[in-house]
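Structure first, commentary second.
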Amino acid sequence: MAGGTTVVSCGNGVPCLEQELADLGITLGDEFAEAQKEMNIAPIAEGLLSEGSQRIIWASKELGYNMERMPKFIDPVRCQKCGQCSLGCANNAKWTALDYLEEAVKNGAHVVYNTTVGRVLVENGKAKGIRGVGPQGQLEILADVVVLAAGGLGTPVILQQSGIKEAGRGLFIDLLVNTYGIIEGLNLLHEPAMALVDHEFHKSQGFILSPYMNSPRAVRFMEKGAQGMALPTHSLVGIMTKIADEPAGRVYPDGTISKPVTERDWERLRAGSSIAKEILTKMGADSKSIIVSNPQGAHPGGTAAIGSVVDRDLQTKVENLFVCDASVLPTAPGMPPILTIVALAKRLRKTLAP
Ligand SMILES: Cc1cc2nc3c(=O)[nH]c(=O)nc-3n(C[C@H](O)[C@H](O)[C@H](O)COP(=O)(O)OP(=O)(O)OC[C@H]3O[C@@H](n4cnc5c(N)ncnc54)[C@H](O)[C@@H]3O)c2cc1C
1 MAGGTTVVSC GNGVPCLEQE LADLGITLGD EFAEAQKEMN IAPIAEGLLS
51 EGSQRIIWAS KELGYNMERM PKFIDPVRCQ KCGQCSLGCA NNAKWTALDY
101 LEEAVKNGAH VVYNTTVGRV LVENGKAKGI RGVGPQGQLE ILADVVVLAA
151 GGLGTPVILQ QSGIKEAGRG LFIDLLVNTY GIIEGLNLLH EPAMALVDHE
201 FHKSQGFILS PYMNSPRAVR FMEKGAQGMA LPTHSLVGIM TKIADEPAGR
251 VYPDGTISKP VTERDWERLR AGSSIAKEIL TKMGADSKSI IVSNPQGAHP
301 GGTAAIGSVV DRDLQTKVEN LFVCDASVLP TAPGMPPILT IVALAKRLRK
351 TLAP
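See below:
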């Protein structure tokens with residue numbers, strides 16, 4: 001999909017992995033500032049918060065926790081509080097990578113849609129282009145420089161098919177669970193998803209907390225079977241625990257995936273959800289009504305990590321073959337990664353066209 005996962009994002013714009021990248025010799029101060037300005041990132045407007053989130057702020061404060069407004073790339077004037085950010089914004093209130101694509105097209109870029117890249121063409125250790133399949137069948141596109149950006153699950157497949165066998169290891173997905181409580185008359189239906197964030201435990205315990213509820217019952221069925229489906233959508237508040245998980249997963253050359261949840265992952269998920277339960281109980285949820293979803297994740301990355309598959313310029317061992325997406329992240333952020341990926345792309349632009 002053009003625009004990739006940014007199209008379905010919650011609009012959270014938070015710098016992450018600054019220290020880890022600095023330790024690898026990559027400082028992104030200017031790039032972060034430039035991206036934040038272009039994406040109009042600011043804490044979510046108070047007027048966009050639902051009553052459910054306002055009660056979360058109150059309960060967290062009472063308990064001594066620090067739930068803050070999430071920095072967002074959502075235009076508060078355009079946002080209609082439909083709560084459907086993850087289906088793509090019908091009101092065009094959210095920044096997506098399509099904005100950059102449009103700019104690229106205005107500057108002469110040619111976009112080839114509906115085409116799957118299979119492998120990179122390599123000659124004498126240098127990238128020469130790509131081979132893929134489009135609506136007209138097989139095609140080759142020749143180029144002096146190739147930048148792969150097929151995401152944490154797509155890029156390692158292309159790399160392995162292109163002879164870079166080291167790719168695919170070290171998969172993380174920023175595992176998360178949603179903790180739901182039934183509270184009469186309160187819900188999070190009419191606000192951008194993940195309107196708040198508490199990151200006070202991120203450094204010490206590897207997790208953040210953020211309001212989140214899946215409103216379609218079918219999705220809650222996937223999260224927790226019949227129990228999840230039976231929850232009353234209009235009297236339901238959820239708090240997500242998102243962790244920096246261990247990079248114990250793998251993407252194989254045929255695109256299949258393994259992703260174990262390790263004991264340390266479970267500890268982090270449990271630690272976060274026990275605080276979520278405390279907050280929900282303070283808000284008035286009956287502790288017996290509280291359920292925790294099965295683990296899931298939405299930030300696959302680490303499968304072409306800086307330092308193992310790409311160097312600090314994001315170049316692979318194949319000359320002129322670069323990677324710029326979540327797969328280069330050196331470790332699980334446990335935080336929204338879009339802003340950092342955009343900043344890395346801006347840095348790569350300087351490498352390619354100094
Ligand atoms: C529901 C949801 C909400 C999220 N909300 C946020 C948020 O609010 N803030 C945040 O920072 N992060 C958020 N994330 C995570 C974030 O969107 C991703 O981590 C990030 O966009 C990943 O960027 P990427 O460039 O690595 O890959 P992607 O965005 O996945 O882009 C990869 C692109 O490559 C294409 N592709 C894959 N394989 C091939 C191939 N073989 N040939 C051609 N094209 C291919 C895909 O179709 C896609 O367009 C969210 C994720 C989800 C799923």
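Using our numbering, read the sequence shown as starting at 1 and increasing by one per residue. Glycine is no exception: its CB is placed at the ideal position from the N, C-alpha and C atoms.
query                                                                                                                                                     : result
Would the beta-carbon of Met213 fall within 7 Å of that of Phe221?                                                                                        : no
Only counting runs of 4 or more residues, tell me where the alpha helix (DSSP H) segments fall wholly within the segment 1–85, in order along the chain.  : 18–23, 29–38 and 51–63
Can you check which of these residues, Leu348, Thr115, Leu352 and Val309, is closest to Glu140 by C-alpha distance?                                       : Thr115
Taking 7 Å as the threshold (C-beta atoms), are Gly151 and Asn325 in contact?                                                                             : The displayed chain sequence assigns Asp, not Asn, to residue 325. Going by C-beta atoms, Asp325 is nearer than 7 Å to Gly151.
Whose CA, out of Val237, Gly88 and Val146, lies closest to the CA of Ile130?                                                                              : Val146
Tell me the residue span of the alpha helix (DSSP H) that contains Val105.                                                                                : Leu98 to Lys106
Since Glu381 is in the beta strand (DSSP E), which residue starts that stretch and which ends it?                                                         : Because the chain here runs from 1 to 354, residue 381 falls outside it and cannot be looked at.
Which of the three DSSP states is assigned to Thr351 in this structure?                                                                                   : helix
Express the C-alpha separation of Glu267 and Gly3 in angstroms, rounding to a whole number.                                                               : 34 Å
Straight-line CA distance for Lys61 to Val219?                                                                                                            : 31 Å
Just to confirm before moving on: does the CB-CB distance between Cys16 and Pro192 stay below 7 Å?                                                        : no
Using 7 Å as the limit for Cβ to Cβ distance, is Thr179 near chain E?                                                                                     : Structure shown: chain E not included; a single protein chain is present.
Identify the continuous beta strand (DSSP E) that holds Phe207 and give its terminal residues.                                                            : Phe207 to Pro211
If I measure Cβ to Cβ from Asn12 and keep anything under 6 Å in the same chain, skipping five residues before and after, which residues do I get?         : Met70, Met194 and Pro336
Beta-carbon within less than 8 Å of Thr316's beta-carbon, same chain only, minus the 5 sequence neighbours each way: which residues are those?            : Leu159, Ile164, Ala304, Val309, Val310, Phe322 and Val323
Where DSSP assigns a beta bridge to Glu123, which residues make up the other side?                                                                        : Lys126
Less than 7 Å between C-beta atoms, sequence neighbours within five positions excluded: which residues of the same chain meet that for Gly362?            : Outside the shown range of the chain (1 to 354) lies residue 362, about which nothing can therefore be said.
Pairs of beta-carbons, one from the segment 27–36 and one from the segment 78–97, closer than 8 Å: are there three or more?                               : no
Within 8 Å, do at least three Cβ pairs link the segment 233–248 to the segment 202–211?                                                                   : yes
Please confirm if the segment 122–129 is in contact with the segment 34–44, defined as three or more CB-CB distances below 8 Å between the two stretches. : no
What does Arg169 pair with, by DSSP beta-bridge criteria?                                                                                                 : Arg250
So does the segment 41–60 actually touch the segment 278–287, counting three or more Cβ pairs closer than 8 Å?                                            : yes
Tell me which residue opens and which closes the beta strand (DSSP E) that Thr179 is part of.                                                             : Leu176 to Ile182
Helix, strand or coil: how does DSSP classify Arg268 here?                                                                                                : helix
Given that a residue counts as buried once 16 or more other Cβ atoms are within 10 Å of its Cβ, and exposed if not, what is Ala133?                       : This sequence places Val at residue 133; Ala is not what is there. Under this definition Val133 is an exposed residue.
Name the one or two DSSP bridge partners that Thr116 has.                                                                                                 : Val133
Report the residue from Ala276, Val77, Glu200 and Val328 whose alpha carbon sits nearest the alpha carbon of Ser53.                                       : Ala276
Specify, as a first and last residue, the run of the beta strand (DSSP E) that Leu321 falls within.                                                       : Leu321 to Val323
Quick check: what's the CA-CA separation for His202 versus Arg264?                                                                                        : 14 Å
Rounding to the nearest angstrom, what Cα-Cα distance links Ala271 and Glu246 in this structure?                                                          : 16 Å
Out of Leu314, Leu269 and Gly301, state which residue places its alpha-carbon closest to the alpha-carbon of Val292.                                      : Leu269
What is the rounded straight-line gap between the Cα of Ser274 and the Cα of Ile173?                                                                      : 21 Å
If we call anything under 7 Å between Cβ atoms a contact, is Val342 one with Ala35?                                                                       : yes
What's the C-alpha gap between Asn185 and Val237?                                                                                                         : The sequence shown places Gly at residue 185, rather than the Asn named in the question. Between Gly185 and Val237, the C-alpha separation is close to 10 Å.
For the alpha helix (DSSP H) containing Leu189, name the first residue and the last one.                                                                  : Premise fails: Leu189 is in no alpha helix (DSSP H) and is neither H nor E.
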